[in-house]
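Novice: Before I ask anything, let me first share the structure, which is written out below as structure tokens.
2 protein chains.
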Amino acid sequence: MIKTANGVWKLTLGEPEQFTPERFRENAIKIEEIERLPVSQKLPFKETSISWEKTKRGITITLPMKTDEDIYGFGLQLQSVNHAGRRRYIKVNSDPAANTGEGHAPVPFYVSSAGYGLFVNTFRYTTFLMGTNTGRGTSSHMTAENKIHEEFSEAALYALKRAKEERSVIIDIPAADGVELYLFEGSIPEVVQRYNLFSGGGCVPPMWGLGNWYRVYGGSDENDVKAFGKQFREEQIPISVLGLEPGWHSHSYSCTYKWSYLFPNHQEMIDELTAAGYRFNLWEHLYVYPMAPFYQELMDVSGDYEVWNGLVPDFAMEKACRVFEDYHRENFVKKGISGFKLDECDNSDYNPSNWAFPDSTQFPSGMDGEQMHMAIGVLYQNLIQRIYKQENARTYSQVRSSGALAAPLPFVLYSDLYNHKQFIKGVVSAGFSGLLWCPEVRDCANGDDLLRRLQTVVFSAHSLINSWRIPMAPWKQTDIKKNLAKEEMETADYYTAECRKLFELRMQLLPYLYSAFVEYSKTGKPPIRSLVLDYPDDLAVRMIEDQYLFGDSLLVCPLTYEEGTSRKIYLPEGSWYNFFTGEKLEGGREHTVSAAYNEIPVFAKDGAVIPLAKPVESVSRDTVFEMEIRTFGEAEGSFCLYEDDFETFAWETEQNRVVIEKKADSEPVITREGNGPVRYCF
Amino acid sequence: MIKTANGVWKLTLGEPEQFTPERFRENAIKIEEIERLPVSQKLPFKETSISWEKTKRGITITLPMKTDEDIYGFGLQLQSVNHAGRRRYIKVNSDPAANTGEGHAPVPFYVSSAGYGLFVNTFRYTTFLMGTNTGRGTSSHMTAENKIHEEFSEAALYALKRAKEERSVIIDIPAADGVELYLFEGSIPEVVQRYNLFSGGGCVPPMWGLGNWYRVYGGSDENDVKAFGKQFREEQIPISVLGLEPGWHSHSYSCTYKWSYLFPNHQEMIDELTAAGYRFNLWEHLYVYPMAPFYQELMDVSGDYEVWNGLVPDFAMEKACRVFEDYHRENFVKKGISGFKLDECDNSDYNPSNWAFPDSTQFPSGMDGEQMHMAIGVLYQNLIQRIYKQENARTYSQVRSSGALAAPLPFVLYSDLYNHKQFIKGVVSAGFSGLLWCPEVRDCANGDDLLRRLQTVVFSAHSLINSWRIPMAPWKQTDIKKNLAKEEMETADYYTAECRKLFELRMQLLPYLYSAFVEYSKTGKPPIRSLVLDYPDDLAVRMIEDQYLFGDSLLVCPLTYEEGTSRKIYLPEGSWYNFFTGEKLEGGREHTVSAAYNEIPVFAKDGAVIPLAKPVESVSRDTVFEMEIRTFGEAEGSFCLYEDDFETFAWETEQNRVVIEKKADSEPVITREGNGPVRYCF
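Going down the list, the sequences are from chains A and B. For the first sequence, the residue numbers in the working numbering are -17 to 664. For the second sequence, the residue numbers in the working numbering are -17 to 664.
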């Protein structure tokens, strides 16, 4: 094993493949930041206990596994969070119907509670057997017992127990002749931080990206969009970003990248709404219809199968990137577009409409379809990120597929296939592998369901209302048919007011959340994360899939509409304070808490210092936030706010640390240091 | 291409693998019977339009596909029957949650309405893209249209239509350096018959196997089993076979193959119940617990991973087969056991209890785990079949996994994971690939649900009530808790009587069904089959998943309890007659038919001649069936009954053809020819 960084080891087995996640990385390992992280645990096994072999099927790697190991990671997982005892099939799949490990952004990385993590540097559809089997060649005859179980279910349970006595991790990589493994040492949070810093550190979105987003009705023309912009300001709904469909998918669902007849004066619309403080996000595919202006240029740098009658550009080729980049830079980024939403890039296995290119597709770079399916989401993100870096503007964008080493990429994953409970699981799981997930508000059963979903959304990485199916905002009408008929519901005023409160709450939390993202960049600690990452030694949190930390100080316990108005929560050791009422609850145990439909249980740690901003309607380069400091509990505490221009890459060199310290029995003390602009006033 | 038989062509690509379904075949191709089949269509493409390539991933084969092709086959498929436009992943999987093609018995064989079938002779987890994609290198720019669709769903539909203009079949076989393809010419039924005869022809179960089966409560001891036997006779419930769990899985769920303490005098039980006309089927795994008498002998001929602390014998090795066979022959087959039920042999991906051996398992024969998962069900069937052949006794047994070339094996597939609607789809789909499927009655919501399920079961290959969870028959109590408490439901008498009627109906149909199986053996025509196989040119039947043919003359339209008491049916061209009432319905169109919960819509063809037996309580070697002939409609018709000893392999040389001819306006004329025993009296 070769040391790559402090607590990061590289093991090369056989002849690794040419195309790997590392080959396409555009962000260097944050060596110095990794150096600063503790290594509280060394690898729990020796290099010699990792075995591997090359077979006709590819390569198989075997690692030891203890009976009590808990396993997290594997990218965005919407069906389960702890993967011990499970088989994980790391294959990108837009319709993961069963709990197989497949999904929009599966990642060949896991972290074990035994004190290590493993990243397999491959684009192959890799299978991980996480303790489903005992070790190779185990011979039960040495320990056979003549115990008869009267119920066969008892015997099966016994087999399970027996099988647990000795387990193994078995990793099957098809087609490969070799592979590089990266082993990360440390406790669960240390491993996750190390993996994220190895990836290049977490992304830092522009401040506006953390505001509230609204994707407008798909049938909107430019006047409708302008009307939305006007209405939100009139009704004091603080929306920062408008998401649009420019109609360029209306030929054959692959894209022409030309504004449709619905937007004859789109630049006027963009300029007018930009002046009103809005940002724009444009929906797109990467499947290029023949009428796209750059179609001909892509013909020799695309795969040999089409999708929806469009080319699939080979973004492993410099020329394909350049053509796509140049067009997007000149026509969109320079014209005031702040980001994109890349749809349908996540490989459908079950769709007969010529969606997914076959795994056997050949790309001119030499990649095959299997590798490209695993790579394409990240290759696209790299490409878009390059444009914005050149323009010295940060983006915050959406993408439906991602993969390994993606922490530095300011893209949020989404999909509408899931129920609210699964959306919450995604929020909990994504943070283990350097990913961000949006539990977007789309269809709601009724107004209270809308509130429940919006509560989760404002406490997520991406506060998004996706209303592409409805012409009026959902707080005016949740019934889709009535919404299409533009009939307001009787309770529209009530729900408008309640949603406004939640949007304003999000705007209050902006500086707090922004600082969590800067920490993500510097330390690899995800801004939104499972309790396991803060309480790795508390066994009671190991299976929790419906609570999470939002920044360092807040513990969020969302409810779904179906759950009603009370739920069980678990609070780790220590005192906790209701974020809204200040009510104190003792940790180290479960509680049943009540929350009306317009309330969400959120708890602050003892000693928490939470800076809140007076809500603004949108964030511009000049916005100065009027700050209020809220503290919780008796313990001493502090918070570090980061202050910079909030939208360019200047933050990397021009930034202030604004430290707020709360000592016992005295007002919080604020100290500012750095060379950045002043954007917070207290 | 090399001609293998009339209308059967073999194409060898590259270097085929050592282990294939053909290598393990124990039944010769029925060359002469294939010769007799017509070839109404030649292959719809030339050999040169089949392309293939070897890549790092394995091999990929591409065939042309027309826009209007319908595709059937791929083994037992419980989610859909027509696979055009679908991706099929041919991987054995006990929990196929989504419609991926995975399942208990996936088979790399399909038949196309274009006039051909294809069998890929491989055990690899092969992916078939059945027209999900257009051809390689298709360039849409030649035919791009500047048509804008105002709704994007319209654009997606357009893409679908466009994509339909040219499609391809893409077959991905991992790991292989080559493969043998078998192409079958002809219409859909001709291809299916040809494939079945290529496999060795359909199986001919013993007559008793076609009777009614009852699997007793899992907690039963030998006295309980005797009590069941006595009770069924007293209550005139015609049960032929009792299914038992001998308790040998009660150590660690893998098996000891020793009768447990519940059966101290099992031989007495067997002998006593055999004298009362019962047959015995014993439940087992093939995972061998250390306390099994033959464990030591298997140690060097088993895979290098255990399942439930038991060895996985390598049935590709002669020694492993011999050890397992010898033990089963001496201890069970020679002692009066008529068959086995092999459970849990179908690879669980989602089970943490050390169930499935990894795909990377190495077996001493040289097979790997992937190949063994695809082979193991058939290897076991071959082994059991060899024992019964040696003993000159036919078996009819159960197995939870099967595969290619399995038509000659007298085993029926089962699983309890599905709803009644899916059970029916399985009945329709299994027949396309030489498989038999049991829609077993297990859990029922209530008495009427029981009747609905039993109606499907008596019109299936296997009339089975599986009551392992309940100590009383379900017609006495459908509620599991109350059944365990031995509380009879108030309506027990009514449901007992209705179930008895259905069991008696099955016994009446025995000679009719037996003859359909003999035809299956001689012509490859499945006894229970989709309407597509009899009406290949009627486009209206191509998507029907809930009607099927039972023998040559009966069309069965089962209802589920959820559907209530009426359903839509489609009858092909011609006149049809209600099997129970004689009511005439015109074909070539849909009808809505009513059926109370104790009625099932079954229709006889015009001219049908259906011999019915007076129900007997069980079938012995001496049973003579008292026959009644029922005819339907005006048309002339005939039926061929086959008559032999009904239980040994003597039928292959000693059998009568009893032809019943119905001419207009005269009584049916019966002629008997052959050298078999007389078993039918008219």
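We treat Cβ as the ideally placed atom computed from N, Cα and C, and that holds for glycine.
#1: With distances taken from CA atoms, which of B/Asp341, B/Glu29, B/Thr(-14) and B/Phe105 is nearest valine 289 of chain B?
#2: Buried or exposed, going by whether 16 or more other CB atoms sit within 10 Å of the CB of cysteine 663 of chain A?
#3: Please state whether the Cβ-Cβ distance between asparagine 374 of chain A and threonine 630 of chain A is less than 8 Å.
#4: So, is the C-beta of glutamate 288 of chain B closer than 8 Å to a C-beta in chain A?
#5: Between isoleucine 32 of chain B and chain A, is the shortest Cβ-Cβ distance under 8 Å, so that the two count as touching?
#6: Closer than 8 Å, CB to CB, is tyrosine 243 of chain A near chain B or not?
#7: With 16 as the cutoff for other CB atoms within 10 Å, does arginine 106 of chain A come out buried or exposed?
#8: Under 8 Å, do glycine 556 of chain A and lysine 587 of chain A count as touching if we go by C-beta distance?
#9: For histidine 131 of chain B and chain A, any beta-carbon pair shorter than 8 Å?
#10: Determine the closest residue to arginine 665 of chain A out of A/Val500, A/Thr114 and A/Phe485, with distance taken between C-alpha atoms.
#11: Residues of chain B with CB closer than 7 Å to the CB of glutamate 352 of chain A, please, in chain order.
#12: Per the DSSP calculation, isoleucine 447 of chain A is bridged to which residue(s)?
#13: I want to see whether chain B comes within less than 8 Å of proline 340 of chain A, judged by CB atoms only; does it?
#14: For the putative contact between phenylalanine 393 of chain B and threonine 438 of chain B, defined by C-beta atoms under 8 Å, what is the C-beta separation to the nearest angstrom?
#15: By Cβ distance below 7 Å, which residues in the same chain neighbour serine 236 of chain B in space, the five residues on each side in sequence not counted?
#16: Are the C-beta atoms of leucine 111 of chain A and some chain B residue less than 8 Å apart?
#17: Grouping DSSP H, G and I as helix and E and B as strand, with all else coil, what is valine 606 of chain A?
#18: Could you check the C-alpha separation between histidine 131 of chain A and leucine 244 of chain B for me, to the nearest Å?
#19: Using DSSP bridges, identify the partner residues of alanine 586 of chain A.
#20: So is threonine 613 of chain A buried or exposed if we call it buried at 16+ other beta carbons inside 10 Å?
#21: Could you give the distance in angstroms between the alpha-carbon of methionine -17 of chain A and the alpha-carbon of lysine -15 of chain B?
#22: Please report the straight-line C-alpha distance between glycine 589 of chain B and serine 600 of chain B, rounded to a whole angstrom.
#23: Helix, strand or coil for proline 346 of chain A? Go by DSSP, reduced to three states.
#24: Give the residues of chain A in contact with histidine 271 of chain B, contact being defined as C-beta atoms less than 8 Å apart.
#25: Should alanine 87 of chain B be labelled buried (16 or more other beta-carbon atoms within 10 Å of its own) or exposed?
#26: What residues from chain B crowd round tyrosine 277 of chain A, counting only those whose CB sits closer than 7 Å?
#27: Does the beta carbon of arginine 434 of chain A come closer than 8 Å to any beta carbon on chain B?
#28: So is isoleucine 152 of chain A in contact with chain B if we call contact Cβ pairs under 8 Å?
#29: Grab me the residues of lysine 48 of chain B's own chain with a C-beta within less than 7 Å of its C-beta, minus the 5 sequence neighbours each way, in chain order.
#30: What is the rounded straight-line gap between the Cα of proline 659 of chain B and the Cα of valine 641 of chain B?
#31: Taking 8 Å as the cut-off, decide whether the C-beta atoms of glutamine 459 of chain B and alanine 479 of chain B are in contact.
#32: Just curious, the beta strand (DSSP E) that cysteine 481 of chain A is in, first and last residue?
#33: Residues in the stretch 156 to 176 of chain A with C-beta within 9 Å of chain B's C-beta atoms, listed in sequence order?
#34: Rounded to a whole number of angstroms, what is the C-alpha to C-alpha distance between arginine 215 of chain B and leucine 446 of chain B?
#35: Have a look at tyrosine 54 of chain A and arginine 70 of chain A and give me their C-alpha separation to the nearest angstrom.
#36: So what's phenylalanine 631 of chain A in DSSP terms, helix, strand or just coil?
Specialist: On the basis of the data shown:
#1: If you number the second sequence from 1, residue 289 of chain B lands on position 307. Residue B/Asp341 is the option with its Cα nearest to valine 289 of chain B.
#2: Position 681 of the first sequence holds residue 663 of chain A. Its Cβ having fewer than 16 others within 10 Å, cysteine 663 of chain A is exposed.
#3: Here the question's residue 374 of chain A lines up with position 392 in the first sequence. Here the question's residue 630 of chain A lines up with position 648 in the first sequence. Yes, the Cβ-Cβ distance between asparagine 374 of chain A and threonine 630 of chain A is below 8 Å.
#4: Numbered from 1 along the second sequence, position 306 holds the residue referred to as residue 288 of chain B. Yes, glutamate 288 of chain B counts as interfacial toward chain A.
#5: Taking the second sequence and counting its residues from 1, the one referred to as residue 32 of chain B is at position 50. No, isoleucine 32 of chain B lies away from the interface with chain A (no Cβ there is under 8 Å from its Cβ).
#6: One-based indexing of the first sequence puts residue 243 of chain A at position 261. Judged by the 8 Å Cβ criterion, tyrosine 243 of chain A is in contact with chain B.
#7: The count along the first sequence starts at 1 and reaches residue 106 of chain A at position 124. Arginine 106 of chain A should be labelled buried.
#8: Position 574 of the first sequence, counting from 1, holds the residue named residue 556 of chain A. Position 605 of the first sequence, counting from 1, holds the residue named residue 587 of chain A. Yes, Cβ-Cβ distance for glycine 556 of chain A and lysine 587 of chain A is below 8 Å.
#9: Numbered from its first residue, the second sequence carries residue 131 of chain B at position 149. So, interface residue.
#10: In the structure as shown, chain A begins at -17 and stops at 664. Residue 665 of chain A is therefore absent and cannot be evaluated.
#11: For this step, residue 352 of chain A is matched to residue 370 along the first sequence. Those are Arg39, listed as they occur along chain B.
#12: Here residue 447 of chain A refers to the residue found at position 465 of the first sequence. Answer is A/Tyr196 and A/Val423.
#13: Position 358 of the first sequence, counted from the start, is the residue given in the question as residue 340 of chain A. It does; some Cβ of chain B falls within 8 Å.
#14: As a working mapping, residue 393 of chain B is identified with position 411 in the second sequence. As a working mapping, residue 438 of chain B is identified with position 456 in the second sequence. 20 Å between Cβ atoms; not a contact.
#15: Taking the first residue of the second sequence as position 1, residue 236 of chain B is located at position 254. Excluding sequence neighbours, serine 236 of chain B sits near His267, Tyr269, Val270, Tyr271, Val289, Trp290, Asn291 and Gly292.
#16: Residue 111 of chain A sits at position 129 when you count from the first residue of the first sequence. It does: the Cβ of leucine 111 of chain A has a partner Cβ on chain B nearer than 8 Å.
#17: Taking the first sequence and counting its residues from 1, one reaches residue 606 of chain A at position 624. If DSSP states are grouped into helix, strand and coil, valine 606 of chain A belongs with coil.
#18: Here the question's residue 131 of chain A lines up with position 149 in the first sequence. Here the question's residue 244 of chain B lines up with position 262 in the second sequence. About 12 Å.
#19: Numbered from 1 along the first sequence, position 604 holds the residue referred to as residue 586 of chain A. DSSP lists A/Leu536 and A/Tyr559 as partners of alanine 586 of chain A.
#20: By one-based count along the first sequence, residue 613 of chain A stands at place 631. Result: buried.
#21: In the first sequence, counting from the first residue as 1, residue -17 of chain A sits at position 1. In the second sequence, counting from the first residue as 1, residue -15 of chain B sits at position 3. Computed Cα separation, rounded: 56 Å.
#22: On the second sequence, position 607 is the one that residue 589 of chain B refers to. On the second sequence, position 618 is the one that residue 600 of chain B refers to. Answer to the nearest angstrom: the Cα atoms are 30 Å apart.
#23: Translated into positions along the first sequence, residue 346 of chain A becomes position 364. Three-state DSSP puts proline 346 of chain A in coil, outside helix and strand.
#24: For the purposes of this step, residue 271 of chain B is taken as residue 289 along the second sequence, with counting starting at 1. Looking at the sequence shown, residue 271 of chain B is not histidine but tyrosine. Residues of chain A passing the Cβ test: Ser122 and Ala126.
#25: Locating residue 87 of chain B in the second sequence gives position 105, counting from the first residue. Alanine 87 of chain B comes out buried.
#26: Against the first sequence, residue 277 of chain A aligns to sequence position 295. By Cβ distance, chain B contributes His123.
#27: By one-based count along the first sequence, residue 434 of chain A stands at place 452. No, its Cβ sits nowhere closer than 8 Å to a Cβ of chain B.
#28: Taking the first residue of the first sequence as position 1, residue 152 of chain A is located at position 170. Yes - at least one Cβ of chain B is within 8 Å of the one on isoleucine 152 of chain A.
#29: Numbered from its first residue, the second sequence carries residue 48 of chain B at position 66. Same-chain partners within the cutoff: Ala96.
#30: Taking the second sequence and counting its residues from 1, the one referred to as residue 659 of chain B is at position 677. Taking the second sequence and counting its residues from 1, the one referred to as residue 641 of chain B is at position 659. Going from the Cα of proline 659 of chain B to the Cα of valine 641 of chain B covers about 15 Å.
#31: Locating residue 459 of chain B in the second sequence gives position 477, counting from the first residue. Locating residue 479 of chain B in the second sequence gives position 497, counting from the first residue. Not in contact: glutamine 459 of chain B and alanine 479 of chain B (Cβ atoms no closer than 8 Å).
#32: Here residue 481 of chain A is taken as the residue at index 499 of the first sequence, counted from 1. Segment 474 to 505 is the alpha helix (DSSP H) holding cysteine 481 of chain A; no beta strand (DSSP E) there.
#33: Pro156, Ala157, Ala158 and Asp159
#34: Locating residue 215 of chain B in the second sequence gives position 233, counting from the first residue. Locating residue 446 of chain B in the second sequence gives position 464, counting from the first residue. Rounded to whole angstroms, arginine 215 of chain B to leucine 446 of chain B spans 17 Å at the Cα level.
#35: Locating residue 54 of chain A in the first sequence gives position 72, counting from the first residue. Locating residue 70 of chain A in the first sequence gives position 88, counting from the first residue. In a straight line, the C-alpha of tyrosine 54 of chain A is about 11 Å away from that of arginine 70 of chain A.
#36: The count along the first sequence starts at 1 and reaches residue 631 of chain A at position 649. Residue state, collapsed to three classes: helix.
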